[in-house]
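S.K.: Quick one: this structure, given as structure tokens, is what I'll be asking you about.
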Amino acid sequence: MCGILAVLGCADDTQGKRVRVLDCEVIAHLYEEHGENFIDMLDGVFSFVLLDTRDNSFIAARDAIGVTPLYIGWGIDGSVWISSEMKGLNDDCEHFEIFPPGHLYSSKQGGFKRWYNPPWFSEVIPSVPYDPLALRKAFEKAVIKRLMTDVPFGVLLSGGLDSSLVAAVTVRHLAGTKAAKRWGTKLHSFCVGLEGSPDLKAAKEVANYLGTMHHEFTFTVQDGIDAIEDVIYHTETYDVTTIRASTPMFLMSRKIKSLGVKMVISGEGSDEIFGGYLYFHKAPNKEELHRETCQKIKALHQYDCLRANKATSAWGLEARVPFLDKEFINEAMSIDPEWKMIRPDLGRIEKWVLRKAFDDEEQPFLPKHILYRQKEQFSDGVGYSWIDGLKAHAESNVTDKMMSNAKFIYPHNTPTTKEAYCYRMIFERFFPQNSAILTVPGGPSVACSTAKAVEWDAQWSGNLDPSGRAALGVHLSAYEQEHLPATILTGTSKKPRMIEVAAPGVAIES
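Position 419, counted from 1, in the sequence shown is what UniProt numbering calls 419; the numbers after and before it change by one each time, with no gaps.
The following block contains the structure:
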């Protein structure tokens, strides 16, 4: 019996003990003892195929939320193909699709079976009272699990709430780990942005407060434009929001890996769980807020999980996401959603329940003004002229005539902006198959909302941009004014570049 998989976490053995897992050996043993029902015993992220040589059957499975990517395809001869990248199925499959998260595929049954069935999945409105201490402990436990590593690691730090909490909890618990004994107790933190961007300023302040060894990477709009084709090739999507946010992360991951770091802990998932996006200010009631968070979590594998995994793994860097820990999600999604409602009259801003859980007067995790900093989407926080530059680049490469014919050229998920059209052209050069096109979600969205949430505010129907700035009347953040470069090149330059690194004693050349 053999397996091909990636798995991280713990599993319960037959005696009820906790077994640390870093490879496929325990998978084989659990399968032998429990058959296909062992999957729910795994606590971590994974995508694997397990072959049973006794009868040449196999099973394939993907983790609960879809943190790790997986695709399944079928050949014209009826063969079944499994790949962690869509490009691995391009030439051999008549049809392929996303392997659904939280599912198992059995060759014996010839189909899928959902193994992940938490209470929140049915979208029934929970009624458990908010317990800030229980929420804090659940998150600290999730972070501690991800400190189990034998490679150099750090944290991605934008200076916003989520990444700052990840860093703060990591700093608080790092000293007693085996990783600290091997690599030291000084945590490395990493941030990327345009010169003068909100993230760079906020991240530096948090890093100084926590005492991390901070590495600050800057890029230009042209650097990002030059990387777009590589980003689309690696992330395998044409979704506008994902590409906007993946590009800085892709550039940063290259630099992080060049420093010898092999794993980073990141803050994805919090906004979906707690209703942190700015459009949640318009949620009409707790029922709709809860249903929207459920839908957002279910779709994470097509957006933030895809970005976090593929933008980093393109350079051999592993990203771990404690907010998407199974136990933590169950704790957070069991809270009566009335507590997640944004209520300015009661002093509750977005993600108030998470902020309050870490608002410790005696041993503060973070300064108050950081703990209660307003949400910035990653593609916004790295600098607003990044998005403006992308739009200007698309404007120079996509004509009005091309847009008028868009519905004929791209009948499925027709691009509605020149930026979207630009990404679609690049995507279909790499992935022309209809199966590939269908893996990317579509529909109206404002500030990362689902199509249903667009109905929450009449203004949004005419301003369907995925940036957080599209949540009209909500975004109040201010920062040093940036200026768009006078000339945006076409993105064909392949000249070697230098991305500046503001870290003592470190200089990294492209």
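Positions of the beta carbon are idealized from the N, C-alpha and C atoms, including for glycine.
Between which two residues does the alpha helix (DSSP H) holding serine 246 run?
M.R.: Where serine 246 is concerned, the enclosing alpha helix (DSSP H) stretches over 240-258.
S.K.: Any chance the stretch 176-193 sits against the stretch 356-376, with 3 or more Cβ pairs inside 8 Å?
M.R.: Segments in contact, no.
S.K.: How many Å lie between tyrosine 233 and tyrosine 410 at the Cα?
M.R.: Each residue's Cα considered, the two are about 19 Å apart.
S.K.: Going by beta-carbon coordinates alone, are histidine 281 and isoleucine 335 separated by less than 9 Å?
M.R.: In this structure, isoleucine 335 does not lie closer than 9 Å to histidine 281 by Cβ.
S.K.: Roughly how many whole angstroms lie between the Cα atoms of alanine 357 and aspartate 52?
M.R.: Their Cα atoms are separated by approximately 46 Å.
S.K.: Go through its chain and collect everything with a Cβ distance to valine 113's Cβ below 6 Å, but skip five positions before and after it.
M.R.: Note that residue 113 corresponds to lysine in the displayed sequence, not to valine. Cβ within range, chain order: Leu104.
S.K.: Mind listing, in chain order, the continuous alpha helix (DSSP H) runs of no fewer than 4 residues lying wholly within the stretch 95-155?
M.R.: Listed in chain order, the complete alpha helix (DSSP H) runs (minimum 4 residues) inside the stretch 95-155 are 132-145.
S.K.: Which whole-angstrom value is the C-beta distance of valine 169 and proline 248, which I expect to be below 8 Å?
M.R.: The pair is not a contact, with the Cβ atoms about 24 Å apart (cut-off 8 Å).
S.K.: With isoleucine 225 as the anchor, note down where its alpha helix (DSSP H) starts and where it stops.
M.R.: Its alpha helix (DSSP H) spans residues 221-235.
S.K.: For glycine 88 versus tyrosine 71, is the C-beta spacing smaller than 9 Å?
M.R.: Yes, the Cβ-Cβ distance between glycine 88 and tyrosine 71 is below 9 Å.
S.K.: Which residues bound the beta strand (DSSP E) around glutamate 195?
M.R.: First-last for glutamate 195: undefined, no H or E at that position.
S.K.: Taking leucine 147 and leucine 174 to be in contact with their CB atoms under 8 Å, please state how far apart those CB atoms are, rounded to whole angstroms.
M.R.: Confirmed, Cβ separation roughly 7 Å.
S.K.: Counting only runs that start and end within the stretch 320-360, where is the beta strand (DSSP E) found for 3 or more residues in a row?
M.R.: If we require 3 residues or more, the stretch 320-360 turns out to have no beta strand (DSSP E) run fully inside it.
S.K.: Out of Asp304, Ala245, Met333, which has the shortest C-alpha to C-alpha gap to isoleucine 273?
M.R.: Closest option to isoleucine 273, Cα to Cα, is Met333.
S.K.: Do alanine 28 and leucine 50 have their beta-carbon atoms positioned less than 9 Å apart in this structure?
M.R.: Yes, the pair counts as a contact, with Cβ atoms nearer than the cut-off.
S.K.: Can glycine 75 and isoleucine 82 be called in contact, C-beta distance under 9 Å?
M.R.: In this structure, isoleucine 82 does not lie closer than 9 Å to glycine 75 by Cβ.
S.K.: Pick helix, strand or coil for tyrosine 71, following the three-state DSSP scheme.
M.R.: Strand, per DSSP.
S.K.: Look up aspartate 43 in the DSSP assignment and say whether it is helix, strand or coil.
M.R.: Note: aspartate 43 maps to strand in three-state DSSP.
S.K.: If you compare alpha carbons, which of Val353, Lys326, Ser461 is closest to proline 337?
M.R.: Of Val353, Lys326, Ser461, the residue nearest in Cα terms is Val353.
S.K.: Note the first and the last residue of the continuous alpha helix (DSSP H) segment covering glutamate 395.
M.R.: From DSSP, the alpha helix (DSSP H) with glutamate 395 extends over 384-397.
S.K.: With a CB to CB cut of under 6 Å and the five nearest residues on each side skipped, what residues in its chain are close to glutamate 480?
M.R.: The predicted position of glutamate 480 is uncertain, since its pLDDT is 39 and thus under 50; a value taken from the coordinates is nonetheless stated next. Excluding positions up to five away in sequence, the list reads Gly196.
S.K.: To the nearest angstrom, how far is the alpha carbon of phenylalanine 431 from that of aspartate 92?
M.R.: Rounded to the nearest angstrom, the two C-alpha atoms are 13 Å apart.
S.K.: Report all residues from its chain with a CB closer than 8 Å to the CB of cysteine 294; omit the five preceding and five following residues, and keep chain order.
M.R.: Once the five neighbours on either side are set aside, the close Cβ partners of cysteine 294 are Trp120, Phe121, Glu123, Met333.
S.K.: So what's aspartate 63 in DSSP terms, helix, strand or just coil?
M.R.: Residue state, collapsed to three classes: coil.
S.K.: State the start and end residues of the unbroken alpha helix (DSSP H) segment that holds methionine 86.
M.R.: Element bounds for methionine 86: n/a, residue is neither H nor E.
S.K.: Can you name, in chain order, every residue of its own chain whose Cβ lies under 6 Å from the Cβ of lysine 108, other than the five neighbours on each side?
M.R.: Once the five neighbours on either side are set aside, the close Cβ partners of lysine 108 are Ser57.
S.K.: For aspartate 239, which option in Lys137, Lys257, Asp271, Lys418 has the closest C-alpha, if you only look at C-alpha atoms?
M.R.: Selected option, being the one with the closest Cα: Lys418.
S.K.: Count the other C-beta atoms from every protein chain shown that fall within 10 angstroms of the C-beta of glutamate 350, then say buried if there are 16 or more, exposed otherwise.
M.R.: Looking at its Cβ environment, which holds 16 or more other Cβ atoms inside 10 Å, glutamate 350 is buried.
S.K.: If we ignore side chains and look at the alpha-carbon of each, how far apart do aspartate 359 and arginine 172 end up?
M.R.: Going by the C-alpha atoms only, they are around 15 Å apart.
S.K.: Given this structure, state the Cα-to-Cα distance separating isoleucine 297 from aspartate 271, to the nearest angstrom.
M.R.: Straight-line Cα distance between these residues: approximately 9 Å.
S.K.: Go through its chain and collect everything with a Cβ distance to glutamate 318's Cβ below 6 Å, but skip five positions before and after it.
M.R.: For glutamate 318, where only same-chain residues beyond five positions count, the Cβ hits under 6 Å are Met263.
S.K.: My output table needs one value for serine 189: the three-state DSSP class, helix, strand or coil.
M.R.: Here serine 189 sits in strand by DSSP.
S.K.: Whole angstroms are fine: how far does the CA of leucine 371 sit from the CA of lysine 204?
M.R.: The straight-line gap from Cα to Cα measures roughly 15 Å.
S.K.: Between phenylalanine 323 and phenylalanine 139, is the Cβ-Cβ spacing less than 9 Å?
M.R.: Against a cut-off of 9 Å, the Cβ pair of phenylalanine 139 and phenylalanine 323 comes out as a contact.
S.K.: Does the structure place the stretch 203-222 close enough to the stretch 156-170 that three or more beta carbon pairs sit under 8 Å?
M.R.: Enough Cβ pairs lie closer than 8 Å, so yes.
S.K.: Who are the near neighbours of valine 128 in its chain, counting only those whose CB is closer than 7 Å to its CB and skipping five residues on each side?
M.R.: Excluding positions up to five away in sequence, the list reads Ser334, Ile335, Asp336.
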